[in-house]
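Undergrad: The sequence shown: position 83 = 83 (UniProt numbering), numbered continuously. Even for Gly, the Cβ is constructed at its ideal location relative to N, Cα and C. Got a structure for you, questions after.
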Amino acid sequence: MTETWPNGLSYRPVSGSMTRAKPFRTPNRTDMEAGNVRGRRSATKRISTIKFDLKLSNAEFLVFDAFVWRTLVDGTLPFTMPIWTGAAYATRTCKFAEDPQDNPRDGFDHIVSLTLDVEDY
């Protein structure tokens, strides 16, 4: 069963931080003997890579840290969370494409940078 983003933990990106790094997986390419190249999808699902920052309080960061490292087994398992689709938030299955980056600020909050692979984005 896929884990769910913890209740009460912020999922709204810091304003202006959300970018779509890759709209789809890079196609597999095979060089053919005749000289042409055959391209084909590398996944059966549409998976986009997005990047964004979350602003978390110290208490929220502790919940986030436990979720990633314990519940998601060092961030290796997929999970569902609300993702901004451009018109509204929708629940999508996600997986960490890169390790989360923590940027503590003034001892009162954290800016956590996430890079996620998102299904059906």
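1. Return the bridge partner residues of residue 57 from the DSSP annotation.
2. Quick check on residue 24: does DSSP put it in helix, strand or coil?
3. So, residue 118 versus residue 92, is the Cβ gap smaller than 8 Å?
4. What's the C-alpha gap between residue 99 and residue 116?
5. Going by C-alpha distance, which of 60, 65 and 21 is nearest residue 97?
6. For the beta strand (DSSP E) that residue 11 lies in, which residues bound it at each end?
TA: Let's see:
1. Here residue 57 is bridged, per DSSP, to 109.
2. It is coil, neither helix nor strand.
3. Contact flag set, yes.
4. For residue 99 and residue 116, the distance between alpha carbons rounds to 9 Å.
5. Measuring from the Cα of residue 97, the nearest candidate turns out to be 21.
6. That residue, residue 11, is in no beta strand (DSSP E); it is neither H nor E in DSSP.
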